[in-house]
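Take the sequence shown: its position 407, counting from 1, is numbered 454 in my numbering, and each next residue is one higher.
Even glycine gets a Cβ: it sits at the ideal position worked out from N, Cα and C.
None of these values were measured; they are calculated from a predicted model.
Have a look at the structure below, then the notes.
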Amino acid sequence: MQHRLEFKFIDSGALNDDALAGLAFFEKEIYIPAFPDDGERETFANILERIRSGKNAYPQTFAVLASHGGEICGGEIFDWYPDCSSAELIYIALKPGSRGAGLGDELLNRGARLLADSLSRRGEDVGRLYFETENPFIPSGDESMDKVSRIRFFARNSACRVPIKYYQPPLSPDSPWAENLYLCLLPQFSRGGADLPAGELKEFLHCFYRGLGASVEEPKFQEMMRNIDYATESDGTIDCHSFAEEPQFQISRFSLVYHFRLDGKAPRNADEDPLFNSYECDLMNYSLQAPEHRPVRTRHVRLYRRLTLRMPRFYKYTSEGQDFYRVSRHRELPVTVSVNCSDNLTGNISLAHLVITPDPDAATVFNELDCIRLITAFGSIQEKFQVPDRSELAVEDQESGRRWNTIEEFVSSNFDGRACRVLRNGITELDIAGVLKPDGTRLFSSFEQFRRSALNDKEPDESPWNMAFCGLILGIFDFMRMNSAEISDTIKPIAVRRDSFIVLCRGHLMKVKFDESTEDQTANILVSPYLLIPSAVLSINELVLDRNEEIVGRPISDRTYYRRSMLLSGRIREVMSSLNTEYLQDIFHYSGEQEIMVEGTQQRGLGRRYEQLEHRLDKERMLLEEYKTKDQLGADYFTNAMLAILALLQVTAPFFDRSFWLVVSLASVVAIGAYSWRQLRRRRRL
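Encoded structure:
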């Protein structure tokens, strides 16, 4: 789209009356509204004075004004440091109401080129073009343009972040140090691209601090220098991190399942699902064929055909000690969603299963980075995935117009408002036939081609897809660093078949296939029940152990040994009953599902946790016997004391009245009998 903008480059030689009037208009109508925070905005009179001083100023300052239809609609301010051949874009702003039409991109590109052309005519060359932008993860005052939108604008224009902790000195005596900024580079206007020599960066920062009248002896400056040394590669350069995502593949056949723990007990009148009943009969062993004996019952709840999943616009992750910041290419994902539910035999545990696939009627397909964000449930533990505003993660129904502000809220709405929480495990079903190159052609023509590339025992290919595939398995974004040995360690298949295999990693179950047909009756489920049911069983076992570990971890604070014994006895029975009836073992008939259970139990550490619980129960049984013994000691002491009293009465009987002796003896016998009966009942209860 042609906007027919007119540009005026202003230096000391072009500072005539028209230029001054234009700058005055820019200050009042654009500059101040765009930067309302006094601590963020330099006094415009200082900027104007540097422009007027030309080469005598340090740094030298230039302005670019953009006009449309004879009216100024935007502008830029550049600082130039001739002793290090570096420039900084210190301000860029558009008139309110002019954003969103591509004017900013044109202003940035034309302004930078006008600066380079002007300096070139003087025999000078722009080696690097820097700029600053605010960190969206650090709160600040009100702004007319939100921080994420600024970063997305610069990301469209090749912006990279210099990976250091950056400190900007005060812009005026009354201003504080700015610690909420990223120092960034525009590679398309810099020689050498995104590879920045550490010496050049240090030289620029020395010049920058000099221009602001700040001392390089400041502790914050020295900390920046140490950060630069830490970020410097062996070749002496710093790899500046691009804000823009750079996906390499399109993925059109992809199903993802989240498991959610639903609060409360399952309703007793839940209808049996004919489809899942058939699969449960097929999957489970002979002893569990009757519906009333099945330890897990699964049912389909609802299918949504036209939903939009809103993704975070901006996110952060950490890899090998470095923070990476990315702008999401896809802010909205059209999806088809299936909601299903599994209840265990006792009804104590209910799981909701949210199945997400690309909407086949929409033009958008997922890329590998979309899939990784989804697989990690927007929260990778390994890479500490974060977003500045979680309210951006929302679900919208395109047919009804209804919106849910969180995925949990959407799931809960399908179960009468029962609260839920997402579990750190799930399922991915990936059809390799749906993995496409950027030009839309298939990446693999057969499963055997993929198998040869990824499952070479000696040395798997270090191809972009194998690295991305490992990123999907591990739920990490920084997969391009992986070498052949790491790829081999990551892709460990089980349940290998002619056109498919399964990988289990960190609680996540992934099935990889090629053009494997799916039965028509599973269309509403959107994922294979042969994956969903075993994964649900593993999740139930994990929750059973979570609950029982919490039970045995409760402190016993009652003072009496009897009460302690009662509490211990009760919780031992409760945990034993739960482990015997709710923790599910040896329930599947086929070897594929048995392999999933064995491998999943081992990888999640469920077997180890189960053994630890049994050891804890053994200790509690020993403690119970100790409490019972100590409780019985009191009864023995009492009985012995009463018997001693009776013996004493017999010895002294000749000295007392007969009736007195009989009354005291009878009272002692009654007391002994009552206490003994009480102790007998307590022992029977224990």
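Cα-Cα separation, GLU327 to ASN472: 21 Å
Between the CA atoms of SER616 and GLU596 - distance to the nearest angstrom: 16 Å
The segment 375-390 in contact with the segment 610-630 per 3-pair CB rule at 8 Å: no
Neighbour-count burial assignment, ILE428, 16 or more Cβ in a 10 Å radius: exposed
Cβ pair count under 8 Å reaching 3, the segment 537-546 against the segment 448-455: no
Pairwise C-alpha distance: CYS552 and ILE422: 12 Å
Cα-Cα separation, PHE462 to VAL469: 15 Å
Anticipated Cβ contact below 8 Å, GLN215 with GLU179, distance rounded: 7 Å
Distance cut-off 8 Å: ILE634 Cβ against heavy atoms of the ligand PLP: Among the ligands in the structure shown, none appear at all, so the ligand PLP cannot be discussed.
ARG346 beta carbon less than 9 Å from that of CYS287: no
LEU631 to ARG465 span [Cα, whole Å]: 25 Å
VAL645, buried or exposed, once every other Cβ within 10 Å from all chains shown has been counted against 16: exposed
ALA291 beta carbon less than 9 Å from that of VAL18: Nothing about residue 18 can be reported from this structure: the residues present for the chain run from 48 to 733 only.
Local conformation of TYR630 per DSSP, three classes: coil
Local Cβ density within 10 Å of PRO359, reported as buried at 16 or more and exposed below that: buried
Close-in-space but distant-in-sequence residues of the same chain around ARG175 (CB under 6 Å, 5 per side omitted): SER133, SER237
Minimum C-alpha distance to GLU135 - residue among CYS254, MET527, PHE301, GLN369: CYS254
Cα-Cα separation, ARG53 to MET271: According to the sequence shown, residue 53 is Glu rather than Arg. GLU53 and MET271: Cα-Cα distance of roughly 40 Å.
Among PHE125, LEU150, SER219, nearest to VAL173 - alpha-carbon criterion: PHE125
ILE98 beta carbon less than 9 Å from that of THR108: yes
Environment of VAL559 [buried if 16+ CB atoms lie within 10 Å]: buried
HIS662 to LEU556 span [Cα, whole Å]: 30 Å
Residue closest to PRO223, alpha-carbon to alpha-carbon, out of LEU155, GLY283, LYS267, LEU671: LYS267
ASP444 and ARG353 closer than 9 Å at C-beta: yes
Whole-Å CB distance - PRO576 paired with ILE643, under 8 Å assumed: With 8 Å as the limit, PRO576 and ILE643 do not qualify as a contact, their Cβ atoms being about 13 Å apart.
Within 9 Å, strictly: CB atoms of SER59 and SER100: yes
Start-to-end residues for the alpha helix (DSSP H) that takes in HIS253: 245-258
Contact set for ASP525: own chain, Cβ-Cβ below 6 Å, skip 5 residues either direction: SER366
Residue(s) in a DSSP beta bridge with TRP127: GLN107, ALA134
Contacts around THR393, its chain only, beta-carbon distance under 7 Å, and the 5 residues preceding and following it disregarded: THR628, GLU629
Beta-carbon proximity check, HIS340 vs ALA583, cutoff 9 Å: no
Beta-carbon proximity check, ASN391 vs VAL434, cutoff 9 Å: no
8 Å CB neighbourhood of SER510 in its chain, flanking five on each side removed: SER500
Endpoints, beta strand (DSSP E) assigned at TYR305: 301-309
Residue range of the alpha helix (DSSP H) that includes MET271: 266-278
Rounded separation between PRO234 and PRO244 - CA only: 13 Å
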